[in-house]
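J.: Take a look at the following structure, please.
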Amino acid sequence: MESPTRLGVNIGPNAYYGDRQMVARPFAHGAFNQGRQVGFLRVARSRKNSFQDERFRPGEPSTAYRTSFDGGRYVIATGNNAGQSGTIVGHDVISGRFTIADGSPRISDREYVWLRGAPVSHALPSPMPGERELGIGDFRVEASPGSEVSVSPAENATMKQAVRLRLDGNDSYAAIKHYLIALPASRYRVRVRARIETDAGKLGVRLTNFGIPSGQPGHRIFLQSDGASLEASWKTFEFTGETFADKRIRDGFSAIDVRVTGSEATALIDSIELIDEGLSTDFAFTSHLAETLRDARCGVVRFYGIASAGSLVADITASHAAQSSWSFTDGPGGFQRHTTHAVADDWLALCGAADADPWITVGGANTPQDWYELISYLAAPENFDDASKRRASHGHDAPWIDSHETIYLELGNEWWNGLFTPFVIDDPEQYGELCNTVFDRVRAHPHFDPDKIRLVIGGWAVNAHDWNVRLNRASKHHDRISVAPYLAHALDIAEYGALFADVEGAFEDGGQSTTQGIGKSQLAVYELNTHTTGGAASASDVSKLATSLGSGIAVLDQAMANMARWRADPINYFTYFQRSFSSGTNERVGLWGNLVLARDGTHRPRPVWQGLRLANQCVIDGDMVEVRVHGGSSWDQPMNGSVPKLANLPHLKAYAFLREDDSVNVLLINRHLTSPMSVRIRLPFAPKAHVVRAKLSGNSIDDNNEEYERIKLMEDSLEFRGPDSAIEIPAHSATALQFTAAE
1 MESPTRLGVN IGPNAYYGDR QMVARPFAHG AFNQGRQVGF LRVARSRKNS FQDERFRPGE
61 PSTAYRTSFD GGRYVIATGN NAGQSGTIVG HDVISGRFTI ADGSPRISDR EYVWLRGAPV
121 SHALPSPMPG ERELGIGDFR VEASPGSEVS VSPAENATMK QAVRLRLDGN DSYAAIKHYL
181 IALPASRYRV RVRARIETDA GKLGVRLTNF GIPSGQPGHR IFLQSDGASL EASWKTFEFT
241 GETFADKRIR DGFSAIDVRV TGSEATALID SIELIDEGLS TDFAFTSHLA ETLRDARCGV
301 VRFYGIASAG SLVADITASH AAQSSWSFTD GPGGFQRHTT HAVADDWLAL CGAADADPWI
361 TVGGANTPQD WYELISYLAA PENFDDASKR RASHGHDAPW IDSHETIYLE LGNEWWNGLF
421 TPFVIDDPEQ YGELCNTVFD RVRAHPHFDP DKIRLVIGGW AVNAHDWNVR LNRASKHHDR
481 ISVAPYLAHA LDIAEYGALF ADVEGAFEDG GQSTTQGIGK SQLAVYELNT HTTGGAASAS
541 DVSKLATSLG SGIAVLDQAM ANMARWRADP INYFTYFQRS FSSGTNERVG LWGNLVLARD
601 GTHRPRPVWQ GLRLANQCVI DGDMVEVRVH GGSSWDQPMN GSVPKLANLP HLKAYAFLRE
661 DDSVNVLLIN RHLTSPMSVR IRLPFAPKAH VVRAKLSGNS IDDNNEEYER IKLMEDSLEF
721 RGPDSAIEIP AHSATALQFT AAE
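Counting in my numbering, the sequence shown runs from 1 upward without gaps.
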């Protein structure tokens, strides 16, 4: 395999400033801007001047949004008229019927359409006291008895909104709280734009630990203002403060509390901006993120968090993460709000700083025209159109593709997955048609560069329901089909042997059909890690296994096997930050996370992340070549949940990369849980005696880094005396050896 890309990683919302993180630069609060409903539906019945939503349920959505699509547009995604658009002149929420203008193109029954609503003046329902999401991150609204927090109507022609805080009686208050993680020994600045609407009132800001009462051990106040008098006209208020250099800061949320106090006052807050002056990155991610990605030599960074309904191209190519949008869903209340946490400039700048290629999941709400504008933003000269001019106005005159070797663009995220309603298609042929509708427009762009931009369509796990084969037949213009061959979807007994067996089992019936029938289409792995959320094994046992050295080695083994067997490229781990998932018994299962957020605000690597570092730093360089393994012990694996019964599984696995015929990197994985292994190596050239060695190993396969860093990459050197000399590979370990030809 010629020069595969180094292993990559997914970056989700938790990596963005503003989503449980302190921001490094200002962001305008997305909840205060205009709303625009977007949607995606399959047509149940089509008439000359109307069509009806197949997924419509009586009573949903709320009649408060009866006219939100009136004057909007629809774009046909599949069928004979795919790519054509028309005008919506009426939307009846009682019947779920959309009336279209005379002469608008008709949609066939059972075909899909995108929806674009007209701007609405009440993009948010009035929040009630208690927790609810208002915008970027997690918010709570609070008020004294009789007081309230609500969203004001539009104030001007631009549909600008604000949050209204109304006080009732003497010494009243109304507040919104933004939950985040405060880092120690940093200087913070909070900027709030606000004005008084009636009477007098004071604006106060406080940054403090969340969940620890004042005066109790662990409680810290990082920033607190004395209060500023509000005026009748809009004014920007600024507050500063310092945190304590204290390692005992509670692991979890802190809160920024913005409140108005007074007597029967009403105030409007237009935006809240948070700045950590101790960080100096030029993009909306934690400063150490770029350093960590660069240290691990990540080849690709996939931004999966932007695949939500709100990830419209108009939002993600904006100058800052101030945009938000609405999506039409068939859930209770009928509408779900999504927020763009960061923008394209942030992602691309992060990848530039980390020397990685960006893989962007472009939200399913985007029409072919949106994609056309995205290509302009990424690839067109400064004055090509409004989209390229917008990029230039952000300070990037040159196209972004000039700064990156490759940019991967994926059409949505898991269209087969009902979790992402309404952007769901249960038929791979129709998803393939949608891909054609979009990519026809993309490839027609005069500045689309097929050597720089790779188009990715979304496969399903390995090849569930023959999805990948059918999709490949239907789609005409893709460069990659993405798959997610997770390890061990279900375990009845949380034993480590099953993880290594699943590496082999992935290439049995399900694995063989992954490549069967897709011809020369290139596979890429969009997510890879343990996925032990089913089976009879307890949540505690599974969590222990998923965070262990054993998982770190097994996931690395799986990544390399995907590269060797399927020629998959690129391959991405899921995900950079710690995650958890509910098992069938509603217990929390620790899985997926590669890094753990530590109590002191730093990031401690898990063994899975250390495996990625080992591969990228010491192994993947040059062309992947075949390795033949002779002899060695094996084991028989009984059935265990999703892991099939398998016989004669080898304890030793080997992978190698050849650089310019004069150097070879070899990765040796000893899957044996207790015994070391002696290995003799024959090479295509006579190497130097000095060999660089790096190891991922530990005293026990159970070891993890949850409390402190037990598992580290160990590097040293050894003398290689030729193919007859034995090299010992420790039990349950991964060892990288770098050989160079003798002069």
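Glycine is no exception: its CB is placed at the ideal position from the N, C-alpha and C atoms.
#1: Nearest by alpha-carbon distance to LEU491: which of PRO485, ALA484, LEU499 is it?
#2: Count the other CB atoms within 10 Å of the CB of HIS630; is the residue buried (16 or more) or exposed (fewer)?
#3: From GLU273 to ARG206, what distance separates their C-alpha atoms?
#4: Looking at the secondary structure, which residues open and close the alpha helix (DSSP H) in which MET560 lies?
#5: Output the boundary residues of the alpha helix (DSSP H) element that contains TYR372.
#6: Using a 10 Å radius around the Cβ and a threshold of 16 neighbouring Cβ atoms, would you call TYR74 buried or exposed?
#7: Would you kindly work out how many angstroms separate the C-alpha atoms of GLY364 and PHE423, rounded to a whole number?
#8: Going by beta carbon distance, what residues of the same chain come within less than 6 Å of MET128, once the five residues before and after it are set aside?
#9: Relative to the alpha-carbon of LEU41, which residue among LEU7, ASP109, ASN80, ASN49 has its alpha-carbon at the smallest distance?
#10: Suppose you measure from the CA of GLU142 to the CA of PHE420; what does that come to, to the nearest Å?
#11: Where does SER393 sit, in a helix, a strand or coil, going by DSSP?
#12: Which one or two residues does DSSP pair with TYR91 in a beta bridge?
#13: Any idea if ARG45 is buried or exposed, counting beta-carbon neighbours within 10 angstroms, 16 or more meaning buried?
#14: In terms of residue numbering, what span does the beta strand (DSSP E) encompassing LEU668 cover?
#15: Quick one, are the C-beta atoms of GLN617 and ALA353 less than 9 Å apart?
#16: Quick check on DSSP: helix, strand or coil for PRO358?
#17: Near TRP234, what residues of its chain come up, given a Cβ to Cβ distance below 7 Å and the 5 sequence neighbours on each side ignored?
#18: Check the C-beta distance from ALA265 over to GLY201 and give it rounded, since I have them as a contact under 8 Å.
#19: Going straight from the alpha carbon of PHE51 to that of VAL260, what length do you get?
#20: Please work out which residues of its chain come closer than 7 Å, Cβ to Cβ, to LYS476, disregarding the five sequence neighbours upstream and downstream, and give them in chain order.
#21: Closest to VAL300 by CA distance: which of ASP168, ASP466, LYS688, TYR526 is it?
#22: Taking the C-alpha atoms as reference points, what is the distance between ASN472 and SER521?
#23: Using a 10 Å radius around the Cβ and a threshold of 16 neighbouring Cβ atoms, would you call ALA157 buried or exposed?
#24: With distance defined between alpha-carbon atoms, name the residue in GLY535, GLU495, LYS653 nearest to LEU556.
#25: Apply the 10 Å Cβ neighbour rule to LEU167 and answer buried if 16 or more other Cβ atoms are within range, or exposed otherwise.
#26: Per DSSP, what kind of secondary structure is GLN617 in: helix, strand or coil?
#27: Buried or exposed for PHE685, please, with buried defined as at least 16 other CB atoms from any protein chain shown within 10 angstroms of its CB.
#28: Here's the rule: buried if 16 or more other CB atoms are within 10 angstroms of the residue's CB, otherwise exposed. What is TYR576?
#29: Which first and last residues belong to the beta strand (DSSP E) in which ARG659 is found?
#30: Are at least three pairs of beta-carbons, each pair with one atom in the stretch 724–736 and one in the stretch 664–671, less than 8 Å apart?
#31: List the residues that DSSP assigns as beta-bridge partners of GLN224.
#32: With a cut-off of 8 Å on the beta carbons, I'd call VAL438 and TRP347 a contact; round off their distance for me.
#33: Exposed or buried, PRO570, counting other C-beta atoms within 10 Å across all chains shown (16 or more means buried)?
#34: With H, G and I counted as helix, E and B as strand and the rest as coil, what does DSSP make of LEU115?
#35: Which residues in the same chain have their Cβ closer than 7 Å to the Cβ of ASN170, if we skip the five residues on either side of it in sequence?
#36: For SER540, report the span of its beta strand (DSSP E) as first-last.
T.: Taking the geometry as given:
#1: As a position in the sequence shown, residue 491 is number 491, starting the count at 1. The shortest C-alpha separation from LEU491 is found at LEU499.
#2: The residue labelled residue 630 in the question sits at position 630 within the sequence shown. HIS630 is exposed by the Cβ-count criterion.
#3: For the purposes of this step, residue 273 is taken as the residue at position 273 of the sequence shown. For the purposes of this step, residue 206 is taken as the residue at position 206 of the sequence shown. Each residue's Cα considered, the two are about 13 Å apart.
#4: Numbered from 1 along the sequence shown, position 560 holds the residue referred to as residue 560. Counting along the chain, the alpha helix (DSSP H) containing MET560 begins and ends at 549–565.
#5: Counting from one through the sequence shown, the residue named residue 372 turns up at place 372. Counting along the chain, the alpha helix (DSSP H) containing TYR372 begins and ends at 368–379.
#6: Against the sequence shown, residue 74 aligns to sequence position 74. It counts as buried.
#7: What you label residue 364 is simply residue 364 of the sequence shown in a count that begins at 1. What you label residue 423 is simply residue 423 of the sequence shown in a count that begins at 1. Those two C-alpha atoms are separated by around 6 Å.
#8: The sequence position of residue 128 within the sequence shown is 128, counting from 1. Interpretation of MET128 is limited by its pLDDT of 38, a score under 50 that renders its predicted location unreliable; the figure taken from the coordinates is listed afterwards. Excluding sequence positions up to five before and after MET128, its CB lies less than 6 Å from no other CB in the same chain.
#9: The count along the sequence shown starts at 1 and reaches residue 41 at position 41. Ranking the options by Cα distance to LEU41, first place goes to ASP109.
#10: Counting from one through the sequence shown, the residue named residue 142 turns up at place 142. Counting from one through the sequence shown, the residue named residue 420 turns up at place 420. C-alpha separation (whole angstroms): 31 Å.
#11: Working through the sequence shown from its first residue, we reach residue 393 at position 393. The DSSP-derived three-state label of SER393 is helix.
#12: What you label residue 91 is simply residue 91 of the sequence shown in a count that begins at 1. Contrary to the premise, residue 91 reads as His rather than Tyr in this sequence. Note: HIS91 sits in a beta bridge opposite PHE98.
#13: The sequence position of residue 45 within the sequence shown is 45, counting from 1. Per the 10 Å Cβ criterion, exposed.
#14: For the purposes of this step, residue 668 is identified with residue 668 of the sequence shown, where counting begins at 1. Start and end: 663–670.
#15: Along the sequence shown, one-based indexing puts residue 617 at 617. Along the sequence shown, one-based indexing puts residue 353 at 353. No, these two residues do not count as a Cβ contact at 9 Å.
#16: Taking the first residue of the sequence shown as 1, we reach residue 358 at position 358. If DSSP states are grouped into helix, strand and coil, PRO358 belongs with the strands.
#17: As a position in the sequence shown, residue 234 is number 234, starting the count at 1. Here the set comprises ARG193, ARG195, ASP270.
#18: Mapped onto the sequence shown, residue 265 falls at position 265. Mapped onto the sequence shown, residue 201 falls at position 201. That pair is a contact at about 3 Å.
#19: The residue given as residue 51 occupies position 51 in the sequence shown. The residue given as residue 260 occupies position 260 in the sequence shown. C-alpha separation (whole angstroms): 48 Å.
#20: The sequence position of residue 476 within the sequence shown is 476, counting from 1. Taken in chain order, the residues that qualify are ASN436.
#21: Walking along the sequence shown from the start, residue 300 turns up at place 300. If we check each option's Cα against that of VAL300, TYR526 comes out closest.
#22: Counted from its first residue, the sequence shown places residue 472 at position 472. Counted from its first residue, the sequence shown places residue 521 at position 521. Spanning the two alpha carbons is a distance of roughly 8 Å.
#23: As a first step, residue 157 must be located in the sequence shown, where it is residue number 157. The predicted model places ALA157 with a pLDDT of 46, which falls under 50 and marks its position as unreliable; any figure quoted below should be read in that light. By the 10 Å Cβ count, ALA157 comes out exposed.
#24: Along the sequence shown, one-based indexing puts residue 556 at 556. When only C-alpha atoms are compared, the closest one is LYS653.
#25: Looking up residue 167 in the sequence shown gives position 167. Buried, because 16 or more other Cβ atoms sit within 10 Å of the Cβ of LEU167.
#26: The residue labelled residue 617 in the question sits at position 617 within the sequence shown. GLN617 falls in the helix class under three-state DSSP.
#27: Here residue 685 corresponds to residue number 685 of the sequence shown, with the count starting at 1. Answer is exposed; the Cβ neighbour count stays below 16.
#28: Position 576 of the sequence shown holds residue 576. Buried, by the Cβ-count rule.
#29: Position 659 of the sequence shown holds residue 659. Run containing ARG659: 652–659, per the beta strand (DSSP E) assignment.
#30: yes
#31: In the sequence shown, residue 224 corresponds to position 224, counting from 1. Per DSSP, ARG206.
#32: For this step, residue 438 is matched to residue 438 along the sequence shown. For this step, residue 347 is matched to residue 347 along the sequence shown. VAL438 to TRP347, Cβ: 20 Å. No contact.
#33: What you label residue 570 is simply residue 570 of the sequence shown in a count that begins at 1. Buried, since its Cβ has 16 or more Cβ neighbours within 10 Å.
#34: Here the question's residue 115 lines up with position 115 in the sequence shown. Strand, per DSSP.
#35: The count along the sequence shown starts at 1 and reaches residue 170 at position 170. Around ASN170: SER263.
#36: Here residue 540 refers to the residue found at position 540 when the sequence shown is read from its first residue. Taken as a continuous stretch (DSSP letters only), SER540 belongs to no beta strand (DSSP E), being part of the alpha helix (DSSP H) at 539–546.
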